[in-house]
Amino acid sequence: MSQVHIKTKINGDNIEFLCDPEETLLDILRDKLHLTGTKEGCGTGDCGACSITLDGKLVCSCLVLGAEADNSEISTIEGMSNGEKLHPLQQKFLDHAALQCGVCTPGILVAAKSLLEKNPDPTESEVRYWLAGNLCRCTGYDKIIKAVLDAAKEMRG
Amino acid sequence: MVKVRIWGSLQKATDNKEFVEVEAQNFKQLLDNLSLKYPKLKPQITRGVSVAIDGMIYRNSWFTPIKPENEVVLMPYMVGG
Amino acid sequence: MSPLDNTYEKQFKVIGTRPPRPDGIEKVTGKAQYGADLYVPDMLYAKILRSPHPHAKIISIDTSEAEKLDGVKAVITSKDFSKFSENKPSDTLVNCIAHEKALYDGHCVAAVAALSNTIAKSALKLINVEYEILPHVTDVDEAMKTDSPIVNKGYVLENVPKGFSENVTSYYEFGHGDLDNGFNNADLIVERTFKTEAAHQGYIEPHACLASMTPDGKADLWCCTQGHYNVRALCADIMGMESSQLRVTPSEIGGGFGGKTTIFIEPIALALSLKSGKPVKLVMTRDEVFKATGPTVSSSMDVKIGMTKDGIITAGEAHLRYQGGAFPNGTVEMGAQSAFAAYDLKAVRTKGWNVLTNRPKQAAYRAPGAPQAIYAVESVVDELCQKLNLDPLEIRIKNAAKKGTKSSYGPTFDDIGLIATLEAAQKHPHYLAPLAENQGRGLSCGFWFNFGGDTCVTLNVNFDGTIGVTEGNPDIGGSRASISQMAAEELGISYDKVRTIIADTNSLGHNEVTDGSRVTFAVGLATIKAARAAIKEMCKRASLIWGIDEDAVRWENGSAIPAGPNAGQFDPMSIEEIAALSSQTGGPIAGHHEVNAEGAGVSFGVHLADVEVDKETGSTKVIRYTVFQDAGKAIHPSYVEGQMQGGAVQGIGWALNEEYIYGKDGRLQNAGFLDYRIPVASDLPMIEPVILEIPNPGHPYGVRGVGETSIVPPLAAINNAVSRATNIRFSELPLSPPKVLSSLKKELKDG
Ligand code: FES
Ligand code: FES
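Heads up: the protein sequence lines correspond to chains A, B and C, in order. For the first sequence, position 31 (counting from the first letter as 1) is numbered 45 according to our numbering, and the numbering increases by one without interruption. For the second sequence, position 55 (counting from the first letter as 1) is numbered 106 according to our numbering, and the numbering increases by one without interruption. For the third sequence, position 76 (counting from the first letter as 1) is numbered 127 according to our numbering, and the numbering increases by one without interruption.
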């Protein structure tokens with residue numbers, strides 16, 4: 015089957031690509047565009063390692079087809095810091111040792127950023143429920159939750 | 052002479068003795084002389100054993116010194132995760 | 052090592068602080084490269100065809116149609132590995148690719164490399180395998196019966212007692228004292244049978260590798276692993292290569308917990324690369340990770356313990372039956388030695404049987420073998436305390452192993468931190484906090500041995516006086532930071548002057564796998580020794596410059612200084628000054644240390660768990676959780692806490708939800724994160740870590756391994772909490788809602 019021509023804006027840049035109709039957006043990001051910060055932990059929407067935002071909405075990129083991304087705006091972990099300046103969430107994750115192996119971290123950061131955009135002052139349980147789709151096997155979540163709450167506080171000023 | 056404690060199921064190889072005595076000044080000599088004196092221990096020793104010397108567990112350092120007054124206990128080779 | 056080498060009483064400057072990890076920014080910005088993140092020119096994508104049958108003879112494999120598909124560059128089966136024709140396949144190889152028999156649902160039978168994943172997947176459908184289905188067994192107790200189907204012949208060791216099937220491969224027995232007498236002295240004896248299901252390590256990063264092999268027998272392999280030297284040894288053996296010709300570079304690793312201590316896909320990628328003449332990338336799907344990589348053993352266990360009215364344990368006995376999949380393993384002996392390690396007992400006996408079944412070969416998972424056995428023992432101890440109306444923490448202190456105790460596995464304990472850990476739990480506000488209706492509090496001790504092992508470290512003093520440390524153990528949870536800290540501490544310089552990297556297999560001597568909680572202990576020890584060697588050389592250089600005796604110079608706060616008033620009057624020379632002159636004084640300065648580190652020191656932990664059980668649904672919520680653990684010395688307390696919290700949550704998952712579910716057809720029914728449910732953020736409260744520091748005499752700074760012990764106590768802590776909350780004694784894990792609910796209903800009907 016012939017490939018589909020897709021136009022997107024990824025982390026602010028105009029990007030075009032060709033994809034097989036059955037290829038997922040995650041595969042495109044990783045295999046075609048080599049934006050490997052977005053991870054694949056399951057490919058079935060169960061782990062959140064592939065979290066990105068698509069037109070401002072938090073999605074699992076393994077559940078989106080590349081072809082569906084036409085004319086959309088995508089943000090991935092690669093677009094989170096502003097040049098040298100880390101996003102407060104990224105900084106707080108480092109300060110709180112909120113990562114061990116770090117493979118879940120990009121997805122969790124993207125998801126947490128999207129939470130704080132909607133709800134700048136979440137409670138602990140709101141953070142826990144928002145991140146319930148992002149699996150972390152190393153940390154027991156404790157330091158992740160603390161880092162997100164602390165970043166929220168700092169971002170509120 | 053070093054007094055060595057053998058674990059329960061391995062005592063079959065030492066004529067049901069819990070403690071056996073062999074001449075040894077280090078880990079390697081201990082294993083060699085145990086195999087000589089109790090040939091039935093050999094398969095297990097070849098597969099691997101650890102030795103606890105005064106409570107500290109050694110996995111395979113041949114030249115770890117052993118003295119007669121040390122408490123020496125044979126243990127299966129340790130594996131971890 | 053002489054005890055005089057140990058400095059754990061001195062004031063540390065860097066040790067015990069919480070500096071940022073050197074690999075942190077890469078990991079929060081998505082730059083860090085994990086196993087699947089490498090792409091090289093002209094690379095192929097590989098996929099594996101797996102057996103859908105738990106036990107089947109492979110009659111034939113026809114790959115011709117797959118080979119014809121456009122874009123397919125190589126197809127392999129076991130025939131492509133010469134070890135099979137030489138009749139010398141290792142268990143590891145047979146586990147990587149089935150030869151005459153498929154031994155479990157998901158066993159690899161063939162593999163394809165193609166221009167894209169899509170093509171490789173289509174090619175798998177064109178491979179035609181003819182199977183003759185054989186009877187299978189997946190349950191440990193069934194597999195032991197004399198009439199069970201035999202999974203894999205020829206593995207029975209000489210020590211296995213008669214009366215079992217050939218699936219029972221090894222047998223162990225430990226203990227001391229007179230059991231009968233002990234039980235006679237008891238006022239109450241509780242005896243129970245327990246079961247635990249297999250749990251998967253559940254690392255979020257699936258196994259991945261990229262292999263490039265040339266016909267002259269050279270190869271480069273990139274992979275996510277806990278130990279690339281072991282990968283090299285295993286792959287070189289399988290491929291018939293010399294070690295020096297196979298360079299293995301470890302990627303960043305997205306979790307392992309023991310599950311990445313061996314190989315599964317690496318030889319497949321190497322063979323595909325050899326056959327196709329191109330680099331081949333192979334990444335497992337999550338479904339493959341569940342079906343074909345190591346979960347833990349599952350177990351069936353009987354425990355019997357006697358206690359007097361005032362809480363003295365008079366005797367303890369445990370029989371452990373562990374199945375570890377289709378190949379023999381050494382897990383039950385670890386469980387049998389650990390089961391009663393926390394207690395000072397006059398009479399104790401443990402017996403263990405390792406059993407084969409048609410399941411994937413078990414792989415290590417944090418403290419392999421210990422969580423199951425200690426779960427059973429700690430559950431019985433709690434039941435005795437409850438029935439005798441005794442405080443479970445006091446009873447544990449009363450019976451606790453301590454310095455001088457003859458341990459249940461044989462040796463006499465040296466300094467161990469169990470009583471201090473129990474007392475910390477007793478004093479903690481958690482222990483006396485009130486509980487509401489339907490809530491229960493459980494407690495359990497945990498134990499693990501910890502290891503050292505082969506370790507190499509090179510420490511280079513750069514010309515500007517900064518330090519490069521090269522070590523050989525993948526950093527899973529912040530070890531680069533703690534290694535840098537130890538180097539900085541020893542050299543008397545600041546943390547940010549040190550950078551630690553992890554070398555490939557050709558850049559450093561052999562390093563044992565990152566396992567047995569060994570890295571901070573053993574790599575730390577080698578780093579300290581390497582730093583001491585560099586210091587010695589730097590003192591020598593200063594002595595040459597000053598024209599005094601080498602012995603007249605000592606090292607203090609990052610500088611060489613004259614050792615005493617007689618040595619002469621010289622201003623201290625800093626590490627920067629000495630380094631800047633190193634070319635003129637004899638050449639670059641480095642220290643290195645190679646050792647088989649022994650003396651890791653055992654570690655104990657105590658967990659307190661509060662749960663609330665919903666009697667309508669049977670679901671259990673953990674509402675408060677505290678971990679107490681002896682770390683010897685916490686180098687970077689945040690990462691020590693992280694190990695304690697992470698291990699606790701893995702144990703909570705194992706206790707409450709995680710299990711391998713096999714159907715009657717022998718197929719795994721829940722090979723995905725949706726149905727194999729690991730704990731998510733909303734399941735949990737904060738996990739409070741309390742670090743105790745009882746120095747390990749075997750390490751210069753007193754470090755003990757901390758990575759594994761933390762998974763041991765949660766199983767019983769949760770089981771005891773749920774049992775107390777419901778007043779029903781449970782004896783099977785996981786305590787999933789349907790299981791708890793049916794017991795609650797039964798109780799209601801009977802009671
Ligand atoms: S990879 Fe998309 S949710 Fe797991
Ligand atoms: S830090 Fe390893 S999975 Fe989250």
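Cβ coordinates follow ideal geometry from the N, Cα and C atoms, glycine included.
Residues bridged to residue i (per DSSP)
i	result
Trp144/A	DSSP lists no partner for Trp144/A.
Cys507/C	Glu645/C
Thr359/C	In the DSSP output, where bridge partners are listed per residue, Thr359/C has none listed.
Gln105/A	Answer is none; Gln105/A lacks a bridge partner.
Asp88/C	For Asp88/C, which the question treats as bridged, DSSP gives no partner whatsoever.
Asn96/A	Lys99/A
Cys33/A	Val18/A
Ser111/C	Glu181/C
Gly493/C	Ala660/C
Glu137/C	DSSP output for Glu137/C lists no bridge partner at all.
Ala126/A	Bridge partners of Ala126/A: none, in fact.
For residue i, the three-state DSSP class (helix, strand or coil)
i	result
Ser545/C	coil
Glu607/C	strand
Asn440/C	coil
Phe655/C	strand
Trp113/B	coil
Asp726/C	coil
Met335/C	coil
Pro462/C	coil
Arg98/B	helix
Asp83/B	helix
Trp58/B	coil
Ser351/C	strand
Pro789/C	helix
Ile712/C	coil
Ser65/A	strand
Cα-Cα separation, residue i to residue j
i	j	result
Pro346/C	Glu628/C	53 Å
Asn501/C	Asn770/C	25 Å
Cys152/A	Asp198/C	42 Å
Gly375/C	Val406/C	6 Å
His143/A	Pro136/A	What sits at residue 143/A in the sequence shown is Tyr, not His. Going by the C-alpha atoms only, they are around 10 Å apart.
Asn97/A	Ser633/C	Checking the sequence shown, residue 97/A turns out to be Gly, not Asn. Between Gly97/A and Ser633/C, the C-alpha separation is close to 38 Å.
Ala262/C	Phe308/C	24 Å
Ala322/C	Gly147/A	37 Å
Gln694/C	Gly619/C	49 Å
Gly268/C	Ser173/C	30 Å
His104/C	Gly157/C	8 Å
Lys790/C	Asp121/C	51 Å
Thr189/C	Val202/C	10 Å
Can you list, in chain order, the residues of the segment 42 to 56 of chain A whose Cβ is nearer than 9 Å to any Cβ on chain C? Arg44, Asp45, His48, Leu49, Thr50, Gly51, Thr52, Lys53, Glu54, Gly55, Cys56
Against chain A, which members of the segment 65 to 81 of chain C pass a CB distance test of less than 9 Å? Arg69, Pro71, Arg72, Asp74, Gly75, Ile76, Glu77, Lys78, Val79, Thr80, Gly81
Per the contact definition of three or more C-beta pairs closer than 8 Å, is the segment 547 to 555 of chain C in contact with the segment 293 to 306 of chain C? yes
Per the contact definition of three or more C-beta pairs closer than 8 Å, is the segment 65 to 73 of chain C in contact with the segment 536 to 543 of chain C? yes
Interfacial residues, the segment 462 to 483 of chain C to chain B, with Cβ spacing under 7 Å: Pro462, Thr463, Phe464, Asp465
Taking one C-beta from the segment 252 to 260 of chain C and one from the segment 109 to 123 of chain A each time, how about it: are there three or more such pairs within less than 8 Å? yes
When you check each C-beta in the segment 104 to 123 of chain A against every C-beta of chain C, which residues fall closer than 7 Å? Gln104, Phe107, Leu108, Ala111, Leu113, Gln114, Cys115, Gly116, Val117, Cys118, Thr119, Pro120, Leu123
Closer than 7 Å between beta carbons: that is the criterion. Which residues of the segment 217 to 231 of chain C meet it against chain B? Tyr222, Tyr223, Glu224, Phe225, Gly226
Can at least three beta-carbon pairs, one atom from the segment 121 to 138 of chain C and one from the segment 282 to 293 of chain C, be found at a separation below 8 Å? yes
The segment 94 to 109 of chain A in contact with the segment 120 to 133 of chain A per 3-pair CB rule at 8 Å: yes
With 9 Å as the C-beta to C-beta threshold (strictly closer), list the residues of the segment 127 to 145 of chain A near chain C in chain order. Glu138, Ser139, Val141, Arg142, Tyr143, Trp144, Leu145
Report yes or no: do three or more beta-carbon pairs, one from the segment 387 to 400 of chain C and one from the segment 415 to 428 of chain C, lie closer than 8 Å? yes
So, does the segment 82 to 101 of chain B touch the segment 147 to 164 of chain A, judging by three or more C-beta pairs under 8 Å? no
Any C-beta of chain A within less than 7 Å: which residues of the segment 725 to 740 of chain C qualify? Leu725, Ile729, Val731, Ala732, Ser733, Leu735, Met737, Ile738
With contact counted as at least three CB pairs below 8 Å, one residue from each stretch, are the segment 338 to 345 of chain C and the segment 145 to 162 of chain C in contact? yes
Against chain B, which members of the segment 351 to 368 of chain C pass a CB distance test of less than 8 Å? none
Residues of the segment 615 to 647 of chain C whose Cβ lies closer than 8 Å to any Cβ of chain B, in chain order: Asn647
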